[in-house]
Every structure is written in structure tokens, then in C-alpha cells.
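So the structure is just underneath, and the comments pick up after that.
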Amino acid sequence: MDITSTLNQIILNPNLHGLWLNTLSYLEYRGFRKIARSQKSASIDAEILFHAAEEVRHALFFKKLALKLGTNKFRTYQDSELLGDFSAKKYFYDIDTGVANLLTKDSTFESYILISWLIEVRAMSVYTIYNELLLAAGQTISLDSILREEGRHLEKLKELSSAIFQKTKLPIKAFESIEKNAFQIFWKEISRHTHEAIGEKLNLGTEINL
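Using my numbering, the first residue of the sequence shown is number 722, and each one after it goes up by one.
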């Protein structure tokens with residue numbers, strides 16, 4: 722099933738929607754944690770601090786929405802409180818590992834930029850679809866402000882990523898494939914859990930329509 726169909730099913734089910742919102746909160750939190758762990762304090766500038774603050778703010782935005790749907794059901798980021806259990810954590814791990822394998826050991830900054838770029842590209846795509854479906858479903862949730870902020874940050878990441886690729890001659894397609902494969906695995910789990918929750922069978926043998 723494609724992203725649009727799965728998201729529509731999620732939006733219509735309050736429990737699934739709460740799990741999904743908490744999963745988005747977790748992914749934004751992981752973005753913050755990636756920044757905090759990858760940067761030495763001496764090298765952190767205003768731009769990095771601004772990015773970190775955005776990630777935390779977005780994580781809190783989604784967490785509050787999840788709590789509205791499930792009161793205390795989505796208080797933490799335990800696997801049982803995320804849609805797809807540990808799949809969101811695996812998504813981040815797979816990208817982290819894949820990017821690290823293509824870079825040298827002393828490429829902490831480059832790793833942070835490229836991983837952030839890959840995930841922001843995906844986030845913009847999924848958030849845009851999700852936002853349109855929320856509007857069509859008459860939901861009061863709007864991601865307009867988040868999309869504006871993510872869009873601004875993505876432009877900066879594109880600029881920094883391009884500079885890295887020009888300098889290092891690294892294969893762009895190889896990095897894009899890492900994220901695409903990680904997202905395929907992630908979204909198949911999201912789709913499987915969604916369909917199990919609503920009592921439908923899902924054929925996971927085909928590639929997800931991205």
C-alpha cells in the first residue's frame with residue numbers, strides 16, 4: 722500500500738493516529754540527539770543551535786498532539802508507544818550505519834550534514850502528504866509552520882551537502898539509496914501494523930509507492 726492510503730487509514734483511527742504522532746515526535750527527537758552527539762561543544766555555532774532547537778520544538782509539538790489523542794498512552798518512546806514498534810529506531814540506525822560506511826572515520830560533521838539532509842528530504846515529502854490529508858479529513862492539526870521551518874532548513878542542508886559532494890566526489894546516489902532502502906523497511910512496518918490494527922491483510926511483497 723502506498724503512503725497516502727496508509728496515512729488515510731492512520732488518520733481515521735485515533736489510536737493509530739496517536740502512535741503515528743508519537744513516532745514523528747521520536748524521529749524529531751532523534752534528529753536533535755544526532756546533533757548533540759555528533760558535534761563538539763567548541764564547534765557548535767548559532768546555525769547548529771537553531772537546528773537543534775527546531776528539532777526539539779517539533780518533537781514537543783507532535784508529542785503534545787499524541788497525548789491529546791491518548792492521554793498518558795504515549796508518554797514515552799518505548800517501542801509499544803510507537804507505530805511499527807522499533808521500526809523508527811531501525812530507520813535511523815540503518816541510515817547512520819550506511820552513511821558511516823561511506824565516509825572516513827574523521828567525518829563527523831559531514832555525517833551530521835548528510836544524514837540530516839537525507840532525513841529532511843524524506844520528512845518534507847511525508848509531511849506534505851500528511852498535511853494535505855489532514856486538511857481533507859477536516860482535522861484541526863496543521864503542519865504548515867513545521868513545513869516552512871523544515872523547508873528553510875532543507876535549503877541550507879542542500880547547500881552544505883552539495884559542497885561536501887563537490888569536495889569529496891562521493892556518490893550522491895549511494896547516499897540516496899541508503900535512505901530509500903531504510904525508508905522502505907520502515908514504511909512496510911508502518912503499513913503492516915496499520916493493517917493488522919484495522920483487521921486487513923497486506924501484501925508486503927511489492928515495493929512501497931514512494
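Backbone N, C-alpha and C define an ideal beta-carbon position, used for all residues, glycine too. Please read all numbers here as calculations on a predicted model, not as lab measurements.
Local conformation of residue i per DSSP, three classes
{"i": "F827", "result": "Before going further, note that residue 827 is Asp rather than Phe in the sequence given. Residue state, collapsed to three classes: coil."}
{"i": "S863", "result": "coil"}
{"i": "T818", "result": "helix"}
{"i": "K761", "result": "coil"}
{"i": "R796", "result": "coil"}
{"i": "N743", "result": "helix"}
{"i": "F782", "result": "helix"}
{"i": "N852", "result": "helix"}
{"i": "P735", "result": "helix"}
{"i": "A858", "result": "coil"}
{"i": "L891", "result": "coil"}
CA nearest to the CA of residue i, picked from the options
{"i": "Y848", "options": "G920, K761, F783", "result": "F783"}
{"i": "K761", "options": "F830, I731, V820", "result": "F830"}
{"i": "E910", "options": "A844, D827, S837, L804", "result": "L804"}
{"i": "W838", "options": "Q860, D817, H914, L733", "result": "D817"}
{"i": "G819", "options": "S759, A757, K755, F896", "result": "F896"}
{"i": "M845", "options": "R754, S759, R869", "result": "R869"}
{"i": "S912", "options": "A774, R758, D806", "result": "D806"}
{"i": "D800", "options": "K888, S866, T744, I867", "result": "T744"}
{"i": "G752", "options": "N736, A774, A767", "result": "A774"}
Test item: CB-CB of residue i and residue j under 8 Å
{"i": "L835", "j": "I885", "result": "yes"}
{"i": "H874", "j": "E900", "result": "no"}
{"i": "I724", "j": "I850", "result": "yes"}
{"i": "I919", "j": "N729", "result": "no"}
{"i": "T915", "j": "I731", "result": "yes"}
Through-space distance from residue j to residue i, alpha-carbon basis
{"i": "S746", "j": "T825", "result": "31 Å"}
{"i": "S726", "j": "H772", "result": "31 Å"}
{"i": "L748", "j": "L823", "result": "23 Å"}
{"i": "K894", "j": "N902", "result": "12 Å"}
{"i": "W908", "j": "S808", "result": "8 Å"}
{"i": "L864", "j": "G872", "result": "12 Å"}
{"i": "E802", "j": "G791", "result": "10 Å"}
{"i": "I756", "j": "A821", "result": "15 Å"}
{"i": "S759", "j": "K877", "result": "18 Å"}
{"i": "T889", "j": "S898", "result": "18 Å"}
{"i": "I867", "j": "Q860", "result": "16 Å"}
Any non-hydrogen atom of the ligand SAM within 7 Å of residue i CB
{"i": "S762", "result": "Of the ligands one can find in the structure shown there are none, so the ligand SAM has no counterpart to examine."}
Q. Is the stretch 779 to 799 touching the stretch 739 to 747, taking contact as three or more C-beta pairs under 8 Å?
A. yes
Q: Say whether the stretch 773 to 791 touches the stretch 806 to 816, bearing in mind that this needs 3 or more beta-carbon pairs closer than 8 Å, one atom from each stretch.
A: no
Q) Counting pairs of Cβ atoms below 8 Å between the stretch 877 to 891 and the stretch 847 to 863, do you hit three or more? A) no
Q. When the Cβ atoms of the stretch 816 to 832 are set against those of the stretch 772 to 780, are three or more pairs found closer than 8 Å?
A. no
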